[in-house]
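Visitor: Residue numbers (full-length UniProt numbering): 1 to 239.
Just so it is clear, CB atoms sit at the ideal spot from N, CA and C, and this is done for glycine as well.
Since the model is a prediction, treat every value here as computed from it, not as a measurement.
Sending over a structure as structure tokens; questions will come in a sec.
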Ligand code: ATP
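Dropping the structure here:
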């Protein structure tokens, strides 16, 4: 479904951050993208969702394809309409608006299906249904993360890009968000999951890539990555 081919990205015309990256996310799968701080994971997601411009970044080589369509160079709104939706790191929600207002805003590109999408999101996250009239800024960190994911699902994307959904969450909530990602995927949404929590990501992913200094250094089925002692120790920090 998603193919990134030989992608090079530069910030401010000088800083080369992605150095020829190729990866594939097949339809209906969960693919994990792992790597240390600063490896380039967020940059790759920005390149896919069209958000590099905002950060003065530019694709200088390579391409991004969705099915048989080339999407690099399209404006972000067009990329959303093509079925790609990114959940940013750090749960950007509208703190002063209610939970449901946040969700409705997330669904503006799919206005006809807003009722059905709301039901889907509330079924996935019953806590959001309970708090739907409450101010989003008063939700706990975990609930805000769920709201950020729920908002992205309001456009019923075919491909969901998740940037560190477990960041800062207590273990119980990490477990919960993990189960929800699996459920979203079971419902037919393809997932590209960026995580520092390699154990969490590989546990649910079909395939894993490890990014180091803007290059892919590992490209293997998730189960193989998890089972390899050297990889566990040196790349995944799992000892
Ligand atoms: P993290 O987990 O810390 O978010 P990451 O793997 O997602 O790390 P990126 O955020 O993609 O990494 O950053 C990759 C490199 O690009 C880093 O060296 C970072 O400092 C640099 N970078 C990111 N955004 C910009 C920007 N707007 N201008 C210049 N450099 C940037």
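Going by alpha carbons, who is nearest to residue 19 out of 8, 198, 29?
Guide: Closest option to residue 19, Cα to Cα, is 8.
Visitor: Please report how far the alpha carbon of residue 45 lies from the alpha carbon of residue 154, in whole angstroms.
Guide: Going from the Cα of residue 45 to the Cα of residue 154 covers about 19 Å.
Visitor: Does the ligand SAM have a heavy atom nearer than 7 Å to the CB of residue 222?
Guide: The ligand SAM is not among the ligands present in this structure, which contains only the ligand ATP.
Visitor: Does residue 108 come out as helix, strand or coil in the three-state DSSP assignment?
Guide: Helix, per DSSP.
Visitor: Just reading off the beta strand (DSSP E) that residue 60 is part of, what are its end residues?
Guide: Residue 60 -> beta strand (DSSP E) spans 57-66.
Visitor: Residue 162 and residue 194 - do their beta-carbons sit closer together than 8 Å?
Guide: Contact: yes.
Visitor: Our contact map puts residue 63 next to residue 82 with C-beta atoms below 8 Å; I'd like the distance itself, whole angstroms only.
Guide: Not a contact, Cβ separation roughly 14 Å.
Visitor: Taking only beta-carbon atoms, is residue 214 less than 8 Å away from chain C?
Guide: Structure shown: chain C not included; a single protein chain is present.
Visitor: Once the 5 residues before and after residue 226 are set aside, which same chain residues still bring their CB inside 6 Å of it?
Guide: Same-chain partners within the cutoff: 202.
Visitor: Could you give the DSSP three-state label for residue 201: helix, strand or coil?
Guide: Three-state result, residue 201: helix.
Visitor: Do you know whose CA, among 58, 38, 39, 37, lies nearest residue 47's CA?
Guide: Of the candidates 58, 38, 39, 37, the one whose C-alpha sits nearest the C-alpha of residue 47 is 58.
Visitor: Can you tell which of 128, 126, 103 has the C-alpha that lies nearest to the C-alpha of residue 117?
Guide: The residue with the shortest Cα to Cα distance from residue 117 is 103.
Visitor: Between which two residues does the alpha helix (DSSP H) holding residue 144 run?
Guide: Unbroken alpha helix (DSSP H) run through residue 144: 141-153.
Visitor: Do residue 113 and residue 156 count as a contact pair if the criterion is CB distance below 8 Å?
Guide: Contact flag set, yes.
Visitor: Check whether the Cβ atoms of residue 150 and residue 121 sit closer than 8 Å, and answer yes or no.
Guide: Contact flag set, yes.
Visitor: For residue 233, tell me which candidate among 204, 220, 207, 198 has the shortest Cα-Cα distance.
Guide: Comparing Cα-Cα distances from residue 233 to each of 204, 220, 207, 198, the minimum goes to 198.
Visitor: With 16 other CB atoms within 10 Å as the buried threshold, where does residue 144 fall?
Guide: Looking at its Cβ environment, which holds 16 or more other Cβ atoms inside 10 Å, residue 144 is buried.
Visitor: Mark residue 214 as exposed unless 16 or more other C-beta atoms lie within 10 angstroms of its C-beta, in which case mark it buried.
Guide: Residue 214 should be labelled buried.
Visitor: Rounding to the nearest angstrom, what Cα-Cα distance links residue 242 and residue 196 in this structure?
Guide: An answer regarding residue 242 cannot be provided, because it is not within the stretch 1 to 239 covered by the chain.
Visitor: Do residue 206 and residue 31 come within 8 Å of each other at the CB atom, strictly closer than that value?
Guide: Yes. Within cutoff.
Visitor: In chain order, what residues of the same chain have a beta carbon less than 7 Å from the beta carbon of residue 129, not counting five sequence neighbours either side?
Guide: Answer for residue 129: 122, listed in chain order.
Visitor: Pick from 78, 147, 87: whose alpha carbon is nearest that of residue 97?
Guide: Nearest option by C-alpha distance: 147.
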